[in-house]
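Asker:
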Amino acid sequence: MPSFFDLPVWVGLPLFVLAVVGVSSLLVLLLRGWVRRASAGRGEWDRILSYAVGAYGIIYGVTLGLIAAGAYGNFALVNSVVVQESSAVAVLYRDAGFMSEPAASDLKGALIAYTNAVITEDWPLQEQRIAPEATDEYVTGIQRAIAEFQPANDSDVVAKSQAIGAFNTFVTDRRERISLTHLSLPWMLWIVIGVGALLNAVLLALIEVKDLRIHLLMSGLISTFLAILVYSIAGFDHVYSGPIAVTPEHFRDLLTGLFAQAP
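Here is the structure:
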């Protein structure tokens with residue numbers, strides 16, 4: 094059975110929210126009788142609980158916010174690296190236009206083959222959190238196309254020099270994309286998130302509210318926001334997979350844009 098985070102957002106998010114709200118509501122119902130007995134005749138119950146809820150809310154809220162910012166930062170980093178790599182491919186393709194034939198066609202063909210391979214071979218593996226290696230041969234093909242180009246004049250010398258510089262940048266960006274395949278939050282932070290969410294539900298259930306409907310409504314609203322936040326963190330965590338993921342769209346744009354318009 095797929096997890097909430099392997100489903101489309103419009104399916105996974107409502108299911109996750111319902112699950113979290115359901116657990117929170119269940120705790121309210123289970124602890125309601127005990128809370129009434131424990132708080133009977135004790136005026137300090139609400140006062141002490143308000144201090145605890147207030148302090149915990151600040152600590153957990155700030156912690157969750159920082160974790161969410163870190164998860165989104167990872168997502169933004171990977172997306173930036175993918176943009177840089179696709180841009181490096183575009184620069185190489187443009188540089189090929191300054192080279193004489195047949196080197197120009199060889200380099201352009203190698204770049205098109207590499208771009209297709211990134212979409213069809215690299216990305217499916219990265220979605221499974223597996224660092225891809227299959228496209229190494231395509232990189233070798235690009236390198237060979239540049240290396241075998243023999244300059245016939247000063248213009249060719251400049252073109253080859255520019256192509257070598259662009260190739261070095263491309264290789265660096267590619268290695269960075271692949272190295273970020275396993276980028277995710279440390280498991281310890283997920284323990285913090287999970288335990289924190291459970292303690293939040295318990296504290297909400299310990300509040301003494303005479304009207305059960307109001308208690309369930311209050312607990313449900315807070316739990317809904319918490320569930321959306323945790324779902325967002327999980328979605329940003331594994332940047333190549335899940336409902337919120339970096340896609341090979343920038344490489345597809347090369348195929349339908351630059352490569353098609355400047356063959």
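Following my numbering, the numbering of the sequence shown begins with 94 at its first residue and continues without gaps. A virtual CB, placed ideally from N, CA and C, is assigned to each residue, including glycine. Here the structure is a predicted model, which means the values were calculated and not measured.
#1: Excluding the 5 residues flanking Tyr207 on each side, which residues of the same chain have their C-beta closer than 8 Å to its C-beta?
#2: Quick check on Asn293: does DSSP put it in helix, strand or coil?
#3: Alpha carbons only, please: which of Ile205, Asn172, Ser117, Pro341 is nearest the one belonging to Leu361?
#4: Quick test of the definition: if touching needs 3 or more C-beta pairs under 8 Å, does the stretch 175-191 touch the stretch 259-266?
#5: Here's the rule I'm using: 16 or more other beta-carbon atoms within 10 Å means buried, otherwise exposed. How should Ala360 be labelled?
#6: So, for Gln221: in the same chain, excluding its five sequence neighbours on each side, which residues have a beta-carbon less than 8 Å away from its beta-carbon?
#7: Under 8 Å, do Met192 and Ala256 count as touching if we go by C-beta distance?
#8: Just to check my reading of the structure: Gln385 and Thr274 have Cβ atoms closer than 8 Å, yes? What is that Cβ distance to the nearest angstrom?
#9: Which first and last residues belong to the alpha helix (DSSP H) in which Lys303 is found?
#10: Looking at Phe260: is its Cβ nearer than 8 Å to the Cβ of Leu348?
#11: Going along the chain, which residues of its own chain have a beta-carbon closer than 7 Å to the beta-carbon of Arg270, five neighbours each way excluded?
Answerer: On the basis of the data shown:
#1: As a position in the sequence shown, residue 207 is number 114, starting the count at 1. Here the set comprises Val182, Thr228, Tyr231, Val232, Gly234, Ile235.
#2: For the purposes of this step, residue 293 is identified with residue 200 of the sequence shown, where counting begins at 1. DSSP places Asn293 in the helix class (H, G or I) of the three-state scheme.
#3: Lying outside 94 to 356, the shown extent of the chain, residue 361 is not represented and no answer is given.
#4: Yes, the stretch 175-191 is in contact with the stretch 259-266.
#5: The requested residue 360 does not occur in the structure, where the chain is confined to residues 94 to 356.
#6: One-based indexing of the sequence shown puts residue 221 at position 128. Taken in chain order, the residues that qualify are Ser334.
#7: Locating residue 192 in the sequence shown gives position 99, where the first residue counts as 1. Locating residue 256 in the sequence shown gives position 163, where the first residue counts as 1. Yes, the Cβ-Cβ distance between Met192 and Ala256 is below 8 Å.
#8: No answer is possible for residue 385: it lies beyond the span of the chain, which begins at 94 and ends at 356.
#9: The residue you call residue 303 lines up with position 210 of the sequence shown. It is not in any alpha helix (DSSP H) - Lys303 carries neither H nor E in the DSSP assignment.
#10: In the sequence shown, residue 260 corresponds to position 167, counting from 1. In the sequence shown, residue 348 corresponds to position 255, counting from 1. Taking 8 Å as the Cβ cut-off, Phe260 and Leu348 do not qualify as a contacting pair.
#11: Looking up residue 270 in the sequence shown gives position 177. Once the five neighbours on either side are set aside, the close Cβ partners of Arg270 are Val174, Val175, Glu178.
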